[in-house]
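Undergrad:
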Amino acid sequence: MIFTIFTATFNRAHLLPKLFESLKEQTYTDFEWIVVDDGSSDNTAEVMNSFISQNNLFNIKYIQQRNSGKHIAINKGVSEAEGDLFFVVDSDDYIGKDALEILKREWLLIESDPEFAGLAGNKCNFSGVAIGDPAYNTLDCSPLDFRYKFNGKGDKCEVIRTSVFKMYPFPNTPDERFCPEALFFNRLKNFKLRYFNENLYFCEYLPEGLTAKIFKIRKDSPINTCICYLELAESEIPFKDSFKAMINFYRFKRYTAALIRSPRHNLFTRNLARSIAAGIYLIADKKKV
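Numbering-wise (the numbering used here), the sequence shown opens with residue 92 and increments by one.
1) How would you call residue 375, buried or exposed, if buried means at least 16 neighbouring beta carbons within 10 angstroms?
2) If distances are taken between C-alpha atoms only, which option among 225, 115, 198, 161 comes closest to residue 147?
3) Buried or exposed for residue 364, going by 16 or more other Cβ atoms inside 10 Å?
4) Using a Cβ-Cβ cutoff of less than 7 Å, which residues in the same chain neighbour residue 168 once the five nearest sequence positions on both sides are dropped?
5) In this structure, what does DSSP give as the bridge partners for residue 248?
6) Pick from 317, 224, 331, 211: whose alpha carbon is nearest that of residue 353?
7) Please go through the region 92-180 and give each complete beta strand (DSSP E) segment of 3 or more residues, from N-terminal end onward.
8) Does the count of Cβ pairs from the region 211-221 and the region 254-269 closer than 8 Å reach three?
9) Going by beta-carbon coordinates alone, are residue 305 and residue 351 separated by less than 8 Å?
10) Assuming residue 292 is part of the beta strand (DSSP E), what are its boundary residues?
11) Can you list, in chain order, the residues of its chain whose CB lies under 6 Å from that of residue 106, leaving out five sequence neighbours each side?
12) Here's a check: name, in chain order, each residue in its chain whose Cβ is nearer than 8 Å to the Cβ of residue 216, leaving out the five neighbours to either side.
13) Return helix, strand or coil for residue 369, following the three-state DSSP convention.
14) In terms of residues, what are the limits of the alpha helix (DSSP H) holding residue 317?
15) Counting Cβ pairs closer than 8 Å, one from the region 150-161 and one from the region 245-259, do we hit at least three?
16) With 16 other CB atoms within 10 Å as the buried threshold, where does residue 121 fall?
17) Quick check on the burial criterion: 16 or more other C-beta atoms within 10 angstroms. Buried or exposed for residue 362?
18) Between which residues of its own chain and residue 258 is the CB-CB distance below 7 Å, once the five residues before and five after are set aside?
19) On the DSSP bridge list, what partners appear for residue 185?
20) So residue 319 packs on residue 274, CB below 8 Å; how close in whole Å?
21) Here's a check: name, in chain order, each residue in its chain whose Cβ is nearer than 6 Å to the Cβ of residue 290, leaving out the five neighbours to either side.
22) Can you check whether the CB of residue 191 is closer than 8 Å to the CB of residue 119?
23) DSSP on residue 347, reduced to helix/strand/coil?
24) Assign residue 288 to buried or exposed, taking buried as 16 or more other Cβ atoms, counted over all protein chains shown, within 10 Å of its Cβ.
25) Closer than 8 Å, CB to CB, is residue 271 near chain D or not?
26) Exposed or buried, which one is residue 155 when buried takes at least 16 other CB atoms within 10 Å?
27) Alpha carbon to alpha carbon, what distance is there between residue 188 and residue 103?
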């Protein structure tokens, strides 16, 4: 089996039917759908059991867990996955009817090359406009190079080898229910993805900076957030981006007493980043707490 489609859901029972219908319409049907219910209190179980009772062309696995966050749900899904590729599709989104057919076509071109961790098509809004305005036909590079060398913009539809997900599980930090998914993708610095310019995935997209809750979400999971910014700051990316990551590291480090080492930069640079983070706290972050 090539594909495991994975969905983490929390109180999204009313949205799941649209995604389910898009899976039933797939022109390529050799896949499984794993849904991890992250502690829902609505009728998600009833909706999922109704899906399972239908005569589907694909297998459905429905797993319930206590509310732990999407990243822990992904870890669980990876452990249960039987597909060679792991494809995360959020519960409020859907994929085009030929998405898996296109992904299979592109995957067979690179499957035998161990340098490739997977591939990435376009996410687009519900009107069909690709997010990030991609200007390439195909591009083979790491996720970090895609962002910081080739200036790739916007969320992509990444489909990754299940074996690679198993190499880099998300941290299970006590009392933290969020981990930036960028932590995983930034760790793929020694792998390439094949980025290709075809629309596969449909979603309602809001740039992260406009998401009102993102600061609180990160503040409430400061250890995972700091780990992500720490590793990004130490990556081989342009200095301005590394410095920005270092500032964000110190912004969120104030919300945890955990012993987290500082980025491996010189003392002057670290102190400057720390001072800027303190200024941001006084000017803006303090008002959000």
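Backbone N, C-alpha and C define an ideal beta-carbon position, used for all residues, glycine too.
TA: With the structure as the only source:
1) Residue burial is scored here from C-beta neighbours: residue 375 has fewer than 16 other C-beta atoms within 10 angstroms and is therefore classed as exposed.
2) For residue 147, the nearest C-alpha among the options comes from 115.
3) When all chains shown are included, residue 364 counts as buried.
4) Answer for residue 168: 97, 125, 127, listed in chain order.
5) Under the DSSP definition of a beta bridge, residue 248 partners with 212.
6) When each option's Cα is compared against that of residue 353, the closest is 317.
7) Within the region 92-180, the complete beta strand (DSSP E) runs of at least 3 residues are 94-100, 122-129, 150-156, 176-179.
8) These segments do not touch.
9) Going by C-beta atoms, residue 305 is not nearer than 8 Å to residue 351.
10) Counting along the chain, the unbroken beta strand (DSSP E) around residue 292 starts and ends at 283-293.
11) For residue 106, where only same-chain residues beyond five positions count, the Cβ hits under 6 Å are 182, 183.
12) The answer, listed in chain order, is 222, 293, 294, 295, 296.
13) It is helical.
14) That run of the alpha helix (DSSP H) goes 313-324.
15) No, because fewer than three Cβ pairs between the region 150-161 and the region 245-259 fall closer than 8 Å, the two stretches do not touch.
16) Residue 121 should be labelled exposed.
17) If you draw a 10 Å sphere on the C-beta of residue 362, you find fewer than 16 other C-beta atoms in it, and that means exposed.
18) Closer than 7 Å at Cβ, skipping near neighbours: no residue.
19) Bridge partners of residue 185 according to DSSP: 293.
20) Confirmed, Cβ separation roughly 4 Å.
21) So the list reads 213, 215, 221, once near-sequence residues are dropped.
22) It is a contact, given that the beta carbons lie within the stated cut-off.
23) In this structure, residue 347 counts as coil in the three-state DSSP scheme.
24) Label assigned to residue 288: exposed.
25) Protein chains in the displayed structure number just one, and chain D is not present.
26) If you draw a 10 Å sphere on the C-beta of residue 155, you find fewer than 16 other C-beta atoms in it, and that means exposed.
27) Using only the alpha carbons, I get a separation of about 22 Å.
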